[in-house]
Amino acid sequence: MNADPPNATQRSSLWATVLQLLDVGGKLALGIAGVYFGYVFHQQGLEQTEQIEQARLERAESERQLQNNRFAASLIGPLIGGTPKEKTLALALLENVDQELARKISAALAVKDPDAEVRLAAIDALARSDDAETLQVLERVESEAPTENERNKAQQVADDVRTSRAEKLRRNLADAEAFLKAGRKDVAAKYFYEASKYLDEPLDAGELALAKSHFEHGGAEEAADAFNALFQKVDKRIKEQEQ
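Just so we're on the same page, the working numbering is the position in the sequence shown counted from 1, plus 129.
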């Protein structure tokens, strides 16, 4: 790791030392001064190089995102009006550049596309998402799809999504509770917030909105307390139902 370059006070002090050495002693003093100024220039050069590299990386990322957006846009036509083969290919390609858009289109195709091959491909694609909306779509397909193959596939994918959601809920809650016990409400709030995305039990909408609002507006401690109270109510209700 490179040392931090001297600040203004340090440079002033070192310059005074250099002047004293020049008064005292000739070649040795000049050599020391040369080493010092070489060091300063080298550090400045490193800083400039880092800034240039950072700017280059930012431009490259911006260009990459622009290309992804253009490519994703070019796939919309085949996804809407293409043949079944074109639709399934376009959906597979879209997943590689825009997963969120692919999820939304898969949800629509799984329910509405007239071709069973496309609907099955869309159901498969939904397996790569585990948000609540995806689960709702799969449950709808499971009960309404016109073919048994689709209904069975939707049930299988829905079970996998539920398993994934339950694991993420468990992991995030465990981390939240650990940080809460350690007095780190700021970190606990983050894990509670993530856990709330994977809870399929009914929640008080007002309390949930308040907890999320605290977190999203910087009130980490208030968010941690609100989420903790909310999850304790859910846990209590689940235990009562199991009795």
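Heads up, the beta-carbon is just placed ideally off N, CA and C, and yes, glycines get one too.
The Cβ atoms of P207 and A221 lie no closer than 7 Å to each other.
Take V286, set aside five residues on each side of it, and the residues of its chain with a beta-carbon closer than 8 Å to its own are I252, D253, L255, A256 and L267, in chain order. Going by beta carbons, A349 and D304 fall outside the 7 Å limit. Under the three-state reduction of DSSP output, E330 falls in the coil class, being neither helix nor strand.
Straight across, the Cα-Cα distance linking D333 with K341 is about 12 Å. Note on geometry: alpha-carbon atoms of S258 and A295 lie some 13 Å from one another. Following the DSSP letters along the chain, one finds S258 in no alpha helix (DSSP H), marked with neither H nor E.
Here F170 is exposed: its Cβ has fewer than 16 other Cβ atoms, across all protein chains shown, within 10 Å. Annotation: the continuous alpha helix (DSSP H) that includes A305 extends over E277 to K310.
In the three-state reduction of the DSSP assignment, T178 falls in the helix class. Taking the Cβ atoms as the reference, V270 lies roughly 13 Å from V247, outside the contact range of under 8 Å. Note that the C-beta distance between A352 and F360 is not below 7 Å.
Considered as a whole, the segment 334-358 harbours 334-345 as its complete alpha helix (DSSP H) runs of no fewer than 4 residues, in chain order.
With a cutoff of 7 Å on beta-carbon distance, A231 and L223 are scored as near each other. About 7 Å separates the Cβ atoms of V363 and L328, confirming a contact at the 8 Å cut-off. DSSP places G167 in the helix class (H, G or I) of the three-state scheme.
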